[in-house]
Every structure is written in C-alpha cells, then in structure tokens.
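*Asks:* Numbering (my numbering), first residue to last: 4 to 461.
Just so you know, even glycine gets a beta-carbon here, dropped at the ideal spot from N, CA and C.
1. Grouping DSSP H, G and I as helix and E and B as strand, with all else coil, what is residue 107?
2. With a threshold of 7 Å on Cβ separation, who are the neighbours of residue 337 within its own chain once the five nearest residues in sequence on each side are excluded?
3. Give every residue of the same chain whose Cβ lies closer than 8 Å to the Cβ of residue 272, excluding the five residues on either side of it in the sequence, and list them in chain order.
4. Below 8 Å on the Cβ atoms is my guess for residue 196 versus residue 162; work out the distance and round it to an integer in Å.
5. Okay, do the region 430-438 and the region 370-382 touch, 3+ Cβ pairs below 8 Å being the bar?
6. Could you give the first and the last residue of the continuous alpha helix (DSSP H) run that contains residue 440?
7. DSSP on residue 211, reduced to helix/strand/coil?
8. Could you name the residues of the same chain whose beta carbon sits closer than 8 Å to that of residue 121, not counting the 5 residues immediately before and after it, in chain order?
9. Whose C-beta lies closer than 6 Å to the C-beta of residue 350 among residues of the same chain, with five residues either side of it excluded?
10. Can you look up residue 313 in the DSSP assignment and give me helix, strand or coil?
11. Closer than 6 Å by C-beta to residue 10: which residues in its own chain qualify, once you throw out the five before and the five after it? Chain order, please.
12. Out of curiosity, what's the CA-to-CA distance linking residue 72 and residue 212?
13. Measure the CB-CB distance between residue 109 and residue 148 and report whether it falls below 8 Å.
14. According to DSSP, is residue 217 part of a helix, a strand, or is it coil?
15. Near residue 191, which residues of its chain fall below 7 Å by C-beta distance, leaving aside the five closest residues on each side in sequence?
16. Report the start-end ranges of each alpha helix (DSSP H) in the region 219-244 that is 4 residues or longer and not cut off at the edges.
17. Going by DSSP in three states, residue 480 sits in which element: helix, strand or coil?
18. Let me know if residue 458 comes out buried or exposed under the rule of 16 or more other beta-carbons within 10 Å of its beta-carbon.
19. Within 10 angstroms of the Cβ of residue 427, are there 16 or more other Cβ atoms? Answer buried if so, exposed if not.
20. Is residue 299 near residue 317, with beta carbons less than 8 Å apart?
21. What do you get for residue 117, buried or exposed, if any count of 16 or more other CB atoms within 10 angstroms of its CB means buried?
22. Take residue 322 and list the residues in its own chain whose beta-carbon comes closer than 6 Å to its own, dropping the five residues that flank it on each side.
23. Would you report the Cα separation of residue 65 and residue 58, rounded to the nearest angstrom?
24. Determine, using beta carbons only, whether residue 455 comes closer than 8 Å to chain D.
25. Is it true that the CB of residue 92 sits closer than 8 Å to the CB of residue 169?
Put into structure tokens, the structure is as follows:
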C-alpha cells in the first residue's frame, strides 16, 4: 500500500481528458472555441437568413439561471466544415479573453448591388498586402465574395472599446475601397462582440446582440495574422484621400458602398451634462480650431505637420486644448498620459471628438507646445514600474496659453487672439526616464555619511 501511494504521489494528479460533444481534440475546433463567444451562435435558415439559437429573452433567462448560454457542439462544427450547415459567431465580449476572431466580409453580385468576384479578390489581396500580412482568405458562402479572418489581440480591453475600434476599421476599409475604385459591392467588419450590462449580482440586465459573422471552414485560419488593439486603434480613415470623380463617370449605387461619417459634437440637452468635455466647450470647438490653425501656421509654417507617420491637424490641436481646459488639475500637478488617453477615448466614444486616442499625436502636440515655451514642467522626469507604482511627469500648459484659451471660451476678459502668440518663458523639455528609487537611496546614503561625520567631529 505504501509503495502504491508513493507511486501515485510521484505521478501527480492526472488531468482528466474530456470526451463527448464539447471536447477539444480537433485543433481547428479548439482554436475556434477559444476565439468566439460561447454565449450564443447563429444558424443560416433558408429564405429567412441568420437566426440566433437563443433570442434575447431566452439568452438572458438561461444565463441568469445557469450562468451559460448556447455553444456549438463538435458535430455542428463538423457539419459546418463539410458545408452541410452554416453557422455564425460573435467575438467574445469578456475583457479577460486575450484574442477574438474578426471577419472581413467583401461582397459582390446582383444581390448585393454589383461588383465582381475578381474585384473582391483583388481588393482583399490589397488589404492583405497593405494592412494585414498573412491574412487568411476563403470563398464566402455564396461563392462570389471573399471572407478574411484575423486574430484581434485585446487583452484587458472592454467590449465597448473593441466594438468602437472594429467600427473604425469598418470605416477605414470602406473609404479604402472607394479610394482605389474597387470593383465590389461592399466591405464590412463582422464578428463584433455583444454589448452586455450586468447588475450587482452578476446577472445580465440588458444585452445588445453583436454582429454575426460566418465561421471559417478552412484550417488555414490557424495560421492567420494577429493584430494588436493599439495598431487598429491608430488607423485613421481621414488619411485616405478620395479623388473626386468626373461627372461623366457612373457613380455606384447608394447601397453598393456606404461611407459612414463620424458623429462629432452631438448636442446633449438637459439640466446636467456629465461628460468629460461639456457642451459649452464643444460649442467653442470651431473657434478653438481656427485659433489652432493660426498657431500651426506660426509654429510650423503649415496647417498640419507629421508626427512620424501620423498627421497632426488643427482639429487635433483644438481637441487637445479642449480636453486640457476641462481636466481638473491635481494637487501635485501630476498628469499621467494614461489618464489623458482614457478621457480622450471616452469623449471619442461619446461622438464628441473626431479621432480616437493616439499617443503619437498627443506627444507631438505636447512637444510642440513645450518647444515654444508653453508647457510648464514642474518635473519632466518619470519612472514606470510594475503595478503602477512609478511616477509620472508633472506639468501643465502655460499661464499665457491658458489665458488665451479661456478668452476664446468666454471665461475671462477678451484677448486679441488674432495676434501672434509669443513664445513662453518655460524651458523646452521632453519626458525623461529617471530612477527615483536609486536617487532616494543615494540621498539616504549621503545624509547618513553627513550624520556620521558630524557625530565623529563632535
């Protein structure tokens, strides 16, 4: 008996192998289960389209009672791979999921409004070459269009931001298709995760279904490209130039290619405005942008400038000013860039700013202001440590610039904003990493040596 117990301890606890309808023995099935939502799935019904396995009420009821929804079984996956049935998925909505599968759907044909299969393949290969090297492509369900699949890396990112970034990618691809005059009907991003609200007990109180996307059928999706959240968030549809077409050219049908516009400065009504940037500030954005354009001409000689491969415009500078004027200063004047980025993203999601957060543009704007003496650096040193135990820079915009912006917003006496803004008296600095822990240790040693010298001198 002792020898048997010793042998069992030496082997350790063996993990039980799962078998049955939800085992992950097949690598393709395992990959798909790890990258799609297991709350619900859709099935294509002839003459009706895609229908969810669980409607909204059934899904909420099942999850709140049992804490699970509806997931595809292995035999359903195999039917899908063989073409006997067609199933659809959402991306996983949880912030803990490191990756989700995203579908780029390029359609053509009379049913969709025009375009050719050759045009779809040409456009998707362009997307693959320019944006997503290694993107897996396969024929769509009807055999005319093309589906592309990529792995979207989003560890710790909430579903609201994921949906916003994927919608931005959708706008980018639509505008890219127009700019290259692609022979397609439309291109869409599918597989968006659902938007779910929970109550204090962890039960679903409200759900907005995601965007259905067809599951891939080929094993090539295992080797598809991986795209990081930050890279997709930096895509800017406004940087794509669309040339005006001659009047004699045939315009596409209205349903063929739709360009979605970003809602900027949507007006809110009510007695209390809880947004980061208030409505009265948003109403002054045209004046801020006009002034920012004049500043850029004064400082750079043009109305925009390049920050590496990102363009900084007068609109970006005006929105930077608006956010700086609305942020409440901290007692120690610390201004973490992460905090600014979170606030900027909230304003963008609300539809009040034209572009998502881009730390490259932010750094270029702050450095430009600092170069002309309009950043008051209390301490330009920083130290980033694990678990956010480091220190951030301490700074604020200069009193002179703050006064001009306040005048534009009607908060102080009127200042002539048509005049050139003289350079401020503050020194030009950029953030510099510093080891504060080592500095404290050196100061402690120096004080200890002085104390010892004084003790022996006495």
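*Replies:* Concretely, from the data shown:
1. strand
2. 395, 397
3. Note that residue 272 scores a pLDDT of 39, beneath 50, so its modelled location is shaky and nothing firm can be said.
4. 5 Å
5. yes
6. 439-460
7. strand
8. 186
9. 279, 280, 356
10. strand
11. none
12. 13 Å
13. yes
14. strand
15. 108, 173
16. 232-236
17. With the chain represented from 4 up to 461, any question about residue 480 goes unanswered, as that position is not in the structure.
18. exposed
19. buried
20. yes
21. buried
22. 356
23. 11 Å
24. Among the chains of the structure shown, chain D does not appear; only one protein chain is present.
25. no
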